[in-house]
Structure formats: structure tokens, C-alpha cells
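Engineer:
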Amino acid sequence: MSRRNGQDRIVLATPSPVTHRTAEENLGLGYLAAYLRQEGYEVVVVDGWLQGIDVEALARRIVEARPALVGFACYRSNMMRAIEAMRLVRRAGARPVTVAGGYGPTFHAAEFLEAGFDAVVRGEGELPMRMLAQHVCTGTPSLERIPGLSFRDTDGTQRHNAEPAPKLPFAQLPHPHRDTLDLTIARRSLVHLQTARGCQATCTFCSIIAFERVGGGPNWRQRSIRDVADEVERLWEHGARYFKIIDDSLVEPPRDAAWCAELADEFEARGVSPRLRGSIRADRAEEDVVRELARAGFFSFSCGIENFSKSALRRMAKRATVEQNFAALDRFRAYGIYVQAGHILFDDRTTLAELEDNYAAMRRYSWTISKGIFTEMYAAAGTRFTRALTRRGGLQINQDALGNTRYDVLDPRVRCVYGALKRWQKEHAAVYDKAIDPLSAPKALDDAELALMHRLSVELRETDLDLFRLLLDAAVGPTATARLEEETRDLVEAEIARTATRYREFDTRVEEAYRKVGLVYDADSNPFLC
Numbered sequence: 030m031s032r033r034n035g036q037d038r039i040v041l042a043t044p045s046p047v048t049h050r051t052a053e054e055n056l057g058l059g060y061l062a063a064y065l066r067q068e069g070y071e072v073v074v075v076d077g078w079l080q081g082i083d084v085e086a087l088a089r090r091i092v093e094a095r096p097a098l099v100g101f102a103c104y105r106s107n108m109m110r111a112i113e114a115m116r117l118v119r120r121a122g123a124r125p126v127t128v129a130g131g132y133g134p135t136f137h138a139a140e141f142l143e144a145g146f147d148a149v150v151r152g153e154g155e156l157p158m159r160m161l162a163q164h165v166c167t168g169t170p171s172l173e174r175i176p177g178l179s180f181r182d183t184d185g186t187q188r189h190n191a192e193p194a195p196k197l198p199f200a201q202l203p204h205p206h207r208d209t210l211d212l213t214i215a216r217r218s219l220v221h222l223q224t225a226r227g228c229q230a231t232c233t234f235c236s237i238i239a240f241e242r243v244g245g246g247p248n249w250r251q252r253s254i255r256d257v258a259d260e261v262e263r264l265w266e267h268g269a270r271y272f273k274i275i276d277d278s279l280v281e282p283p284r285d286a287a288w289c290a291e292l293a294d295e296f297e298a299r300g301v302s303p304r305l306r307g308s309i310r311a312d313r314a315e316e317d318v319v320r321e322l323a324r325a326g327f328f329s330f331s332c333g334i335e336n337f338s339k340s341a342l343r344r345m346a347k348r349a350t351v352e353q354n355f356a357a358l359d360r361f362r363a364y365g366i367y368v369q370a371g372h373i374l375f376d377d378r379t380t381l382a383e384l385e386d387n388y389a390a391m392r393r394y395s396w397t398i399s400k401g402i403f404t405e406m407y408a409a410a411g412t413r414f415t416r417a418l419t420r421r422g423g424l425q426i427n428q429d430a431l432g433n434t435r436y437d438v439l440d441p442r443v444r445c446v447y448g449a450l451k452r453w454q455k456e457h458a459a460v461y462d463k464a465i466d467p468l469s470a471p472k473a474l475d476d477a478e479l480a481l482m483h484r485l486s487v488e489l490r491e492t493d494l495d496l497f498r499l500l501l502d503a504a505v506g507p508t509a510t511a512r513l514e515e516e517t518r519d520l521v522e523a524e525i526a527r528t529a530t531r532y533r534e535f536d537t538r539v540e541e542a543y544r545k546v547g548l549v550y551d552a553d554s555n556p557f558l559c
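Add 29 to the 1-based position in the sequence shown for the numbering used here, that's all there is to it.
(1) List, from N- to C-terminal side, the beta strand (DSSP E) runs of 3 residues or more that fit wholly inside the region 58–120.
(2) With a threshold of 7 angstroms between beta carbons, is E143 in contact with chain C?
(3) How about I334 and G371: are their beta carbons less than 7 angstroms apart?
(4) On the three-state DSSP scale, how would you describe Y543?
(5) Please state the DSSP three-state secondary structure of V47.
(6) Grab the span of the alpha helix (DSSP H) containing F561 for me, first residue to last.
(7) For F327, write down the residues that DSSP places opposite it in a beta bridge.
(8) Just how far apart, CA to CA, sit D466 and R484?
(9) In the structure shown, what three-state DSSP assignment does L41 receive?
(10) Within its chain, find whatever has a CB closer than 6 angstroms to the CB of F180; leave out the 5 residues flanking it on each side and keep chain order.
(11) Less than 7 angstroms between the beta carbons of Y447 and F375, yes or no?
(12) Enumerate in chain order the residues of its own chain whose CB-to-CB distance from R490 is below 7 angstroms, with the five nearest sequence positions on each side excluded.
(13) Is the region 122–131 close to the region 139–156, with three or more CB pairs under 8 angstroms?
(14) Which runs of the alpha helix (DSSP H) fall wholly inside the region 375–454 and span at least 4 residues, in chain order?
(15) Let me confirm a value: E534 is counted as buried when at least 16 other C-beta atoms fall within 10 Å, else exposed. Which label applies?
(16) To the nearest angstrom, how far is it from the Cα of A52 to the Cα of A349?
(17) Can you tell me whether H267 is buried or exposed? The criterion is at least 16 other CB atoms within 10 Å of its CB, across all chains shown.
(18) Measure from the alpha carbon of F337 to the alpha carbon of each residue in R324, A357, V243 and E488, then state which is nearest.
(19) Would you mind working out which of L450, T412, D553 and R120 sits nearest T404, comparing C-alpha positions?
(20) Look up S554 in the DSSP assignment and say whether it is helix, strand or coil.
(21) What did DSSP end up calling L548 once you bin it into helix, strand or coil?
(22) Are the CB atoms of K196 and G145 nearer to each other than 7 angstroms?
(23) Which residues bound the alpha helix (DSSP H) around H137?
(24) Does DSSP put M30 in a helix, in a strand, or in coil?
(25) Once DSSP output is grouped into helix, strand and coil, what is the label at R512?
(26) Between R116 and L61, what straight-line distance do the alpha-carbon atoms span, to the nearest angstrom?
(27) How should E592 be labelled, buried or exposed, when 16 other C-beta atoms within 10 angstroms of its C-beta is the threshold for buried?
(28) According to DSSP, simplified to helix, strand and coil, what is R270?
(29) Between the region 225–236 and the region 85–100, do at least 3 Cβ pairs fall closer than 8 angstroms?
(30) Please go through the same chain and pick out, in chain order, the residues whose beta-carbon is closer than 6 angstroms to the beta-carbon of A341, but skip the five residues on each side of it.
(31) Can you check whether the CB of L58 is closer than 7 angstroms to the CB of L41?
(32) Report the CB separation of A314 from C289 in whole angstroms; it is logged as a contact under 8 angstroms.
(33) Just the Cα atoms here: how many angstroms apart are Y550 and A459?
(34) Can you tell which of P193, G300 and E143 has its C-alpha closest to the C-alpha of P578?
(35) Report, in whole angstroms, the separation of the C-beta atoms of T43 and S106, which I expect to be a contact under 8 angstroms.
(36) So what does DSSP say about K472, is it helix, strand or coil?
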């Protein structure tokens, strides 16, 4: 396709999200860039997060590129910055077609259109973006014929095409282009890699399944081991050593221990020894699976434990049992694998007995990586949890900044513990986020550096658990429910005052650790604690 005054030029951009995490590669932009370039389009990638640029600089780079089409990779957490960048581009006199895609636009298409975007892609973006680019260049196909597209008609009416955006087989997708690889390595962030899309679980709170259902077809699909190894080998030749497998769930059927062994064998045969981080369900973390994944190079996992109470797991529709959660964590530790244990302590129906179950297990596994003692289930758009709350009338009208609808914890005594722990978390969120970021983001650290940061995170965990115990004792004590809220509030404020010096000293030690390992923490304040 020949250039016609930039008519075939596309900018793919993402502004920094409002997040307590440090910058990571946006692999979705890499896939879109490769797919569109394969079709002959000129593509410029502007990653505001990795490049550390603000909205004004992002908008300037878009204007300077003089594109015909601008695609914004959006979440709820960078929605306002994307809107601001889009409006700055227009104020500068540029008039490219603007489109938003990703999880946020998929579930909140009307809001993005109302904010001024010309179009929204709902679901996976490769084919809709190619068709939209063709429309911008040639006028065909019509917008109504682009699957998964929402757009504003000439009279401003919103149109939402019913046909879903298709999920293309991996065989039809080129390897993602790595415009930001040097930046990723320089920041000591992990290079992102995708071996599969989707998840076969049905957890009530998860947006992944809701997103997969937008496009229809299978909820999980995979690449071949050979194709994955080809990509790793090429990236290895360009200096990449640490990789984050961004699959929502790494070991889904038909993957099993034999698949994990084949992956390890393939890396060994090619003479590459990547250090890998991934996400795995506890019910899939069997002994031979963990052993072979450790041999393949996995040093860290995110594992959605979520809860240590049987009744809570049942409400969440988790497939793993409490016993499987315990077994998975034991295996990870036996193989020296760091684990960020995803946890959801509160939902609307949490009981004191469930909190006791979780306290006991958290003490037992205090070595796991955690963002703090307080966690709650988010009522995100499109999830079974949100639909159930709506049916029960448990939703409040207001939403937080990330689009999660609020709800009440029903048990009044549990509600007191909820409020007190949330107050504690807000007080210490900055130091929590900074302390665990090198482990949860994670960063390309050697064994000694990982051990240093891990020791700090465990120390924080022990202090949290001490406070949790005090609150549980108060909640099950003789204090009348009407007075319990005041008692737990006073208890937390007293503990915050008592430990203030300890936390200031701890923050200093975290800063020293950052200097020692050569990292910089440049994230925002935690947006989830509203």
C-alpha cells in the first residue's frame, strides 16, 4: 500500500494509567502494530507509560506524526488521560479518526463515545482495527460492517454493531513488534510474552471471562510451544533475559505436566535459559507441573488463591479447594518459586468465621507476596458478581474512579472489621506498593536482589497480621454491635500512631533497598482505595 499524504499512517498510543505499579510493556500495541504493518500500514507506537511522558507530550507526538487514525489502548485507569490526550490533539487542529480499545472501552463503550472518541472496539482489536484503517483510507467497508465496532453516526447517534469482533487464531497473528524493547530492558521490567489468550475458569468476579464472551467462541486458545520458543529465541538474541508470561492462566487443558516438560526441553535444546514469571490457578499447580515449570525457568508466579474459606471459595465459583490452595503454595515454596497470592478477603456476604479461616492461613503462609492485608471483591462491569448484586439490590448507585460499583458488607460486625482494615491499608498503601512492586510487577532482579525485597515484604505482612488479630478479637468480643464500629476505629487509630515511627523507618529501608538494586519507584498513589 503506497502512502498518500499520511493517509495510511496510524498511531497506536497509550497514556500512563493511574496506578500504583511501575511501567510495563503493552503487548497489545505490539500485536496491533505487527498486524497492521503486515497489511501495509505505517504504524507509530507511542507508549506514554514506558516512555514516562505526560498527556501533553503524548498528544504532541501524535500531532507530529500526522496520522489518519489514532488507536488508544485504554483501561478505566487511563480513561481520563486518554480523553485528555484526544482532546489536546483536536485542539492542535489535527483531525484523525480516534478509536479506543481494551477492557475499559469494551465494557464502557457509551462512556468513551460520549467523551468524544469517534469509535470504540469491543473485544479483540486486530481485525476491527484493520477494517477501520481500510475504511479511513478508502471509505470501505462501511462502519456498520466492522464487527465489534461502536461509533457515533453523523448525527451523533451511537451505533453498536451486534456482530462480535472475531478471535483470530494465533496462526494468523504475526509475532508482536517490539518498538519499546530497549526501554523495557533499560527499566529492568520484564519483557512480555503471550502463549495463550483467555481462561477456562468461571470465577464470579473476573472480567476476563466477560471479555472473552464478547467475541464468542472458545474462552481460551493457545500457541504452539515451537512458536513460543521461536519468539523467545529472537528476543534472547536482542538481550532479553527476563520474561513475564501475561497469559491469564498458563496451564489450562489440554496443557499438563507433559506440556510443561516439553516447554523446558525446547528451551534447553535451543540453548536459552529465560527467567519467567506467570499466572497459574492453584488447582492446576500439581507436583509434576510445578517441577517442570521450575525447570523451564519460572522463578515467580501469581496464583489466584483468593480465599482460604470453603464457603467463600464456593461463592466465588473457584475451582480450587482450600486443600488445593495449601498444596499449591507448599509446592511453590519447595521449588523456591516466589508467589504473589491473589487474595479477596471481603465481599458482601463475608462472615467472621471466614475471616478467622483466612487469618489462620495467612499466618501459615506469611511468606507469600501480598499488597497488604485489606482486599475486597470489585463489582466490575460484565461480571457475574455484579449481575448477582444487581438482582439482589445490593448495589449502590455511585461508582469509584475505576468503574467498580460499590456495595455494602452485610454483617454489621464484619463491616466494622472491613472499615478498620481499609483505614489501615489507606494509611500504609504507599509503602506497601513500593515494597512489593519489584516482586509483583516484577523486575529483572538476581537471586540476591529478589531475596532482599522479599524479606522486606514479609516483614510488612507480619505487622499486618498482628493488627488483623486485634480486630478479630474485638469483633468476636462482648462489645455491642452498636459500639463496635467506634471501638475498632479507635483501635486502628491507636495502632497507626503507635507504629508510625516503625513505618517511617521501614520506608527508609525500602528506599535504601531500591538504591541498592538500582530501581526507581515512579508510580502513582493506589487508585483502588477510595
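Idealized CB from N, CA, C, for every residue including glycine. Since the structure is predicted, the reported quantities are computational estimates derived from the model, not experimental observations.
Structural biologist: Concretely, from the data shown:
(1) 71–76 and 98–102
(2) Annotation note: the requested chain C is absent from the structure, which comprises a single protein chain.
(3) yes
(4) helix
(5) coil
(6) A query on residue 561 cannot be resolved here, the shown segment of the chain reaching from 30 to 559 and no further.
(7) L305
(8) 13 angstroms
(9) strand
(10) A148, L172 and R188
(11) yes
(12) S395 and S399
(13) yes
(14) 381–393 and 413–421
(15) exposed
(16) 31 angstroms
(17) exposed
(18) A357
(19) L450
(20) coil
(21) coil
(22) no
(23) Careful: H137 lies outside any alpha helix (DSSP H) and carries neither H nor E.
(24) Below a pLDDT of 50, predicted positions are generally treated as unreliable, and M30, at 30, falls in that range; the measurement from the model is reported next regardless. Three-state DSSP puts M30 in coil, outside helix and strand.
(25) helix
(26) 23 angstroms
(27) Only positions 30 to 559 of the chain appear in this structure, which leaves residue 592 out of reach.
(28) coil
(29) no
(30) E383
(31) yes
(32) The pair is not a contact, with the Cβ atoms about 11 angstroms apart (cut-off 8 angstroms).
(33) 11 angstroms
(34) Since the first and last residues shown for the chain are 30 and 559, residue 578 lies out of range.
(35) Not really, about 11 angstroms apart at Cβ, beyond 8 angstroms.
(36) strand
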